[in-house]
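Take the sequence shown: its position 31, counted from the start at 1, is 30 in numbering that gives the first Met the number 0, and no numbers get skipped. From the three backbone atoms N, C-alpha and C, an ideal C-beta is built for every residue, glycine too.
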Amino acid sequence: MKYLFLFCITLLTISCDAQKSSKDVVKDFLSAIDNFDLIKANKLLIPNDDNLKALQNIKKFSDGMTPSQKAKYINNKKRYNYREDKTSTAATTIIATNTQGEMTVATVFHLKKVGNQWLIDSFISD
């Protein structure tokens, strides 16, 4: 009985640690997009028309690149600054800002909790 209790506590601790924060979900999504890993990116989205259309646009963008252009894009590691805004237990907003290049680009991510997991409900860049 003692070992069963310890096993349950260990399992509960591991599963709680495995849950990603909303900020981590956005970081993983941007990393996936920056590496053209659309399968991983799709797993972080709530499937809706706008999100699926955005992924299709990213796929079209990557399909239009030569292999050397893709490699150069992927190797140019992007750095983002993250700010959390309007947090609640069920929804939050993360703003990711990239200041590399000629202009600052901010992307606003709206996330919702689905079960115990944060997923991106929508995102838009300015």
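The C-beta distance from Leu43 to Val24 rounds to 6 Å, short enough to fall under 8 Å. By the Cβ neighbour-count rule, Ile32 is buried, with 16 or more other Cβ atoms within 10 Å of its own.
When the alpha-carbon of Ala105 is set against those of Asn41, Asn75, Trp117, Phe122, the nearest one is in Phe122. Excluding residues up to 5 positions away in sequence, Tyr72 lie with their Cβ nearer than 8 Å to the Cβ of Met64 in the same chain. For Lys76, DSSP assigns no beta-bridge partner whatsoever.
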